[in-house]
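Notes to accompany the following structure.
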Amino acid sequence: NRRIVLASRPEGRPTPADFRIEDVAAPEPREGELLLKVLYLSLDPYMRGRMSAAKSYAPPVELGAVMVGGTVARVVRSRHPDYAEGDFVFSYSGWQSYALSKGEGLRKLDPAAAPLSTALGVLGMPGFTAYAGLLTIGRPQPGETVVVAAASGPVGATVGQLARIKGARAVGIAGGPEKCAYVRDTLGFDAVVDHRAPDFAERLKEACPKGVDVYFENVGGAVWDAVFPLFNEFARIPVCGLIAQYNSTGPFEGPDRLPIVMRDVLSKSLTLRGFIQREFVSQLPDFYRDMSAWIREGRVRYREDIVEGLDRAPEAFIGLLDGRNFGKLVVKVDES
Ligand code: NDP
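Count the sequence shown with our numbering and you get residues 5 to 340, in order.
Structure representation (structure tokens):
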């Protein structure tokens, strides 16, 4: 059993030395337990938070402990009444090739219904984040303008496509020409702007001639600064992620923006609402029903960036925080 543990807490950007690969004996299931063989491991931005000891909405990974993460796994041995060998499940078994489970937190997956890896992306936590955050907090109306960054990733891509399903105009922000072309031509966003372009703020303004009614915040930093002046009265801002600052060691650069932000929150009656997707668990059945149908009908598309081999997880994860992934980042740990 190969596993990747947290070796040290990063200062700023993580490095490969913050992770350690270990080989240990494969665990044996006891009565009531099952043994999982991991096929796919999800890599997600939130894992940067777990590497840090700072207080957050979830406890940090302890030094020397296996890195946390969602996986798709196959049951290879079962001493649990509800699971049989050969079942496929979603699990939070982390960065390792085998794991024991008592069945808690598992969800059975049907490989005939959708490719198994989608349980980590469009039909999993990131897709659900987009669904719950946009529809519950953003509430896009026909004709309104919805802006989202990290628009080629699993959350942003889904947000823009759902905005269009609801009759709104979707404006994406992405890094580089290849991602921008994908967001516009394959995902069908109405407009896309490259946040790395020197005239990014100007281009974004041109792409939003009627202002911004919903800004689904995935990024923070310079992207926030460019979107902020464009808010219309009563704009809704689901605050989902701030990836631009996950590696920062503070204090934050630039002038204090708080007085200006507060002035517009008041004078434009803005709604800023942070959320962690699990708050909306009661919507999961609706999500599975709606999202499966939209994918089947071709109304929601998705892209995966699949990296081969557990050993490559650290470098792939470090790249995610720099925007080097193109689509939902997944590690293929084993074939079957
Ligand atoms: P992605 O696969 O989209 O990967 C992150 C992307 O962020 C990168 O590919 C890059 O895209 C972009 N990015 C990174 N740094 C910057 C920067 N400085 N400025 C602008 N863009 C940057 O990730 P996800 O779709 O999985 O997650 C998107 C966001 O949603 C994250 O902030 C994540 O933390 C958050 N999230 C929140 C949840 C919640 O419950 N609140 C749950 C799940 C995710 P590009 O090259 O296009 O810039």
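We treat Cβ as the ideally placed atom computed from N, Cα and C, and that holds for glycine.
Predicted model only: the values in this text are computed from it and were never measured.
Query	Result
Tell me whether Pro158 sits in a helix, a strand or coil according to DSSP, three-state version.	helix
Residue range of the beta strand (DSSP E) that Ala174 falls in?	Arg173 to Ala178
Excluding the 5 residues flanking Phe291 on each side, which residues of the same chain have their C-beta closer than 8 Å to its C-beta?	Gly131, Phe132, Tyr135 and Ala136
Can you tell me the Cα-Cα spacing of Glu182 and Glu312, whole angstroms?	22 Å
If you run the structure through DSSP and keep just helix, strand and coil, what is Ser56?	coil
What do you reckon, is the C-beta of Asn251 under 6 Å from a heavy atom of the ligand NDP?	no
With a threshold of 6 Å, establish whether the CB of Ala178 neighbours any heavy atom of the ligand NDP.	yes
Taking Ala155 as the reference, which of Gly171, Thr149 and Gly176 has the closest Cα?	Gly176
Evaluate Leu110 with the Cβ neighbour count: other Cβ atoms within 10 Å of its Cβ, from every protein chain shown; 16 or more gives buried, anything less gives exposed.	buried
Can you name the start and end residues of the beta strand (DSSP E) that Thr133 belongs to?	Careful: Thr133 lies outside any beta strand (DSSP E), inside the alpha helix (DSSP H) at Met129 to Ala136.
Report yes or no: do three or more beta-carbon pairs, one from the stretch 41-53 and one from the stretch 77-89, lie closer than 8 Å?	yes
Measure how close the beta-carbons of Val163 and Ala178 come, nearest whole angstrom, since I'm counting them as under 8 Å.	Not quite, the Cβ-Cβ distance comes to about 12 Å (not below 8 Å), so this is no contact.
Can Val311 be considered in contact with the ligand NDP, in the sense that its beta carbon sits closer than 6 Å to one or more heavy atoms?	no
Do Leu325 and Leu47 have their C-beta atoms closer together than 7 Å?	no
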